Amino acid sequence: MPELVEVERYRRLAEGVVGRTVFAAEVPDPWIARDVDPSVDLASVLVGRRVASVHRHGKLLVVSLGGGPTLGLRFGMTGTLVVDGEPGVDRLLRSPPPTPPATADLDRWVRFRLRFARPRGGQLALRDPRRLGRVVLDPDEGALGPDAAAVTVAELAGALRTTAPLKVRLQDQSKLAGIGNLMADEILWRAGLSPVRPAGCLSPAEVRRLHRHLRATVDDLVERGGSHAGDLMAQRRPGGRCPRDGHELVRSSVGGRTSWWCPAHQR
DNA sequence: CCGGATGTTCACCT
DNA sequence: GAGGTGAACATCCG
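Quick note, the first sequence lines up with residues 0 to 266 if you use numbering that gives the first Met the number 0.
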């Protein structure tokens, strides 16, 4: 569920550790580092490094370390970032107990953690119940398409040159980075476009319309605080109705993902 | 109690 | 190469 929107919030949270020095790196669950070269000791390449900067590309959070590798954090479906005991989002769909914000709970499912040296101290942790997230070294940002929060209409048009369904292409991270299942449904609903249209058959006017709604939706959901905060979200259920025209929504699988859309106004 | 659903990424197939 | 399928994971819900 962490899509661009959640990871943007994680990024803002992680800004707080810029300038701190890594005192210790803990990997309580090595599975989370399954992409790291086994001959590399993750802790030893991180310890002693100063956090130089933090940035986000799509759903990838990148922590740059002075004189060392960059650290990439991917959050899968249920990953959250916790900095100094403060979670990046209040609540994640399909995530365990939203309620008791006890510190013991925040320690559960921590798969990776950086502890920082005094005097500033503190910590940054990746908490991920389902272990679909990853910690990587020197992530290949070149493999990602343009960030959806900044994509231009020309870039979007380029990304749509395919016969694949529109929704599938919006979620292809190598073509456009940051959009996940929920945001894709919300964007297409707002733009009045069917998820199953071949992406390449959009007219130039439709591409411009999609671009406008895409950018607005990203901004909107960042402000509202989550990819689950869209207008369509409450109706993504059997019997759900289009908030715009009241038509019953259709549920189907597009590119292997559950999709909800309005057959009346999404064409 | 168990099958199905959940969303993202990647390995594998055609 | 591009597109499609299913596995990986843990938890929840009916």
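Where is the CB? At the ideal position from N, CA and C, for every residue including glycine.
Predicted, not measured: the structure shown is a model, and the values here were computed from it.
Query, Result
"Measuring alpha carbon to alpha carbon, tell me which residue in Leu72, Trp259 and Gly47 is nearest Val249.", "Trp259"
"Comparing alpha-carbon positions, which option in Glu222, Gly245 and Asp218 lies nearest Leu231?", "Gly245"
"Taking the CB atoms as reference points, tell me whether Thr69 and Val61 lie closer together than 8 Å.", "yes"
"Helix, strand or coil, according to DSSP, for Val16 in the structure here?", "helix"
"What residues in its chain sit with their C-beta under 7 Å from that of Trp30, if we drop five residues either side in the sequence?", "Arg130"
"With three or more C-beta pairs closer than 8 Å as the rule, is the stretch 23 to 38 touching the stretch 131 to 141?", "yes"
"Between Ala23 and Gly238, what straight-line distance do the alpha-carbon atoms span, to the nearest angstrom?", "51 Å"
"My output table needs one value for Ser202: the three-state DSSP class, helix, strand or coil.", "coil"
"What are the boundary residues of the beta strand (DSSP E) that Arg133 is part of?", "Arg133 to Leu136"
"How about the stretch 116 to 128 and the stretch 171 to 181: do they share at least three Cβ pairs that are nearer than 8 Å?", "no"
"Which whole-angstrom value describes the C-beta separation of Leu187 and Leu59, a residue pair presumed to lie in contact below a C-beta threshold of 8 Å?", "Actually they are not in contact, since the Cβ atoms of Leu187 and Leu59 sit about 23 Å apart, beyond 8 Å."
"So Ala183 packs on Lys166, CB below 8 Å; how close in whole Å?", "5 Å"
"Is the Cβ-Cβ distance between Arg19 and Val50 less than 8 Å?", "yes"
"What's the gap between the Cα of Ser251 and the Cα of Arg114?", "45 Å"
"Using the C-alpha atoms, what's the distance from Asp28 back to Val53?", "23 Å"
"Using a Cβ-Cβ cutoff of less than 6 Å, which residues in the same chain neighbour Ala263 once the five nearest sequence positions on both sides are dropped?", "Asp244 and His246"
"Residues in the same chain with beta-carbon distance under 7 Å from Gly157, minus the five sequence neighbours each way, listed in chain order, please.", "none"
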